[in-house]
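Just below is one structure, and these are the notes that go with it.
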Amino acid sequence: MALKATIYKAELHVADLDRHYYETHALTLARHPSETDERLMLRLLAFARHAHPDLAFTKGLSSQDEPDLWQLDLTGAIDTWIDLGQPDEKRVRKACGRAKHVFIYSYGGHGAELWWEKIRPQLERFNNLTVINLPRSTAAALEKLAQRTMQLNCTLQDKQVWLANDASSVEVEMTIWQQP
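Using the working numbering, read the sequence shown as starting at -2 and increasing by one per residue.
Here it is as structure tokens:
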């Protein structure tokens, strides 16, 4: 018998002072059996950074044809494609061809750096691609916020991000490796 996804509920309050976006999102996240709490929280962080009423979680790890999150326009075309981890060149090329904006959130410490060194020359030509690296310490700190039922506040201002619950707060460190 196959393992089932674990359901997490999050009430996410987003205050994005840079985009003037202030909204509360009631989110249901399914954590795939092979997914860690760290990756789940990174998906939640990516949602918070790009928060929009039309942004949605997809089948993610269960589907090769979909990113972790996406935003479709009114015609059904992909406006924003968001992947986590270290996708191969073929997947990134496909994403850049299908979406107006593509974001990759890389994490994993030294492994992510090796991936970027190897793949960077092939990705530099894409003018709709942003690659962001999150250090291992940030991912580990976010993982500690994971609970089956969460109430989180995310504040974004001057390219800085803070994610907090009522007990602790994490300043999210990010390094932009590539952007249009």
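C-beta atoms are modelled at their ideal positions from N, C-alpha and C, and glycine is treated no differently.
Do you know offhand how far residue 151's Cα is from residue 10's?
Across the structure, residue 151 and residue 10 are spaced so that their CA atoms are roughly 6 Å apart.
Residues of its chain near residue 3, where Cβ-Cβ distance is below 6 Å and the 5 sequence neighbours each way are ignored:
Here the set comprises 28.
I need the straight-line Cα distance from residue 169 to residue 66, nearest angstrom please.
A straight-line Cα-Cα distance of about 19 Å links residue 169 and residue 66.
Who does residue 6 pair with in a DSSP beta bridge?
In the DSSP output, where bridge partners are listed per residue, residue 6 has 25 and 146.
In whole angstroms, what is the alpha-carbon distance linking residue 0 and residue 37?
Roughly 17 Å separates the two Cα atoms.
Just tell me which of 26, 118, 153 and 142 has its CA closest to the CA of residue 86.
Measuring from the Cα of residue 86, the nearest candidate turns out to be 118.
Please confirm whether residue 75 and residue 69 have their CB atoms less than 7 Å apart.
With respect to the 7 Å criterion, residue 75 and residue 69 are classified as neighbours on the basis of their beta carbons.
Can you find a CB in chain B that lies within less than 7 Å of the CB of residue 160?
No chain B is present in this structure, which holds just one protein chain.
Which of helix, strand or coil does DSSP assign to residue 123?
Residue 123: coil per DSSP, three-state reduction.
Specify whether the stretch 139 to 147 and the stretch 30 to 44 touch according to this definition: at least 3 beta carbon pairs, one from each stretch, less than 8 Å apart.
Enough Cβ pairs lie closer than 8 Å, so yes.
Could you have a look at residue 17 and say whether DSSP puts it in helix, strand or coil?
In this structure, residue 17 counts as coil in the three-state DSSP scheme.
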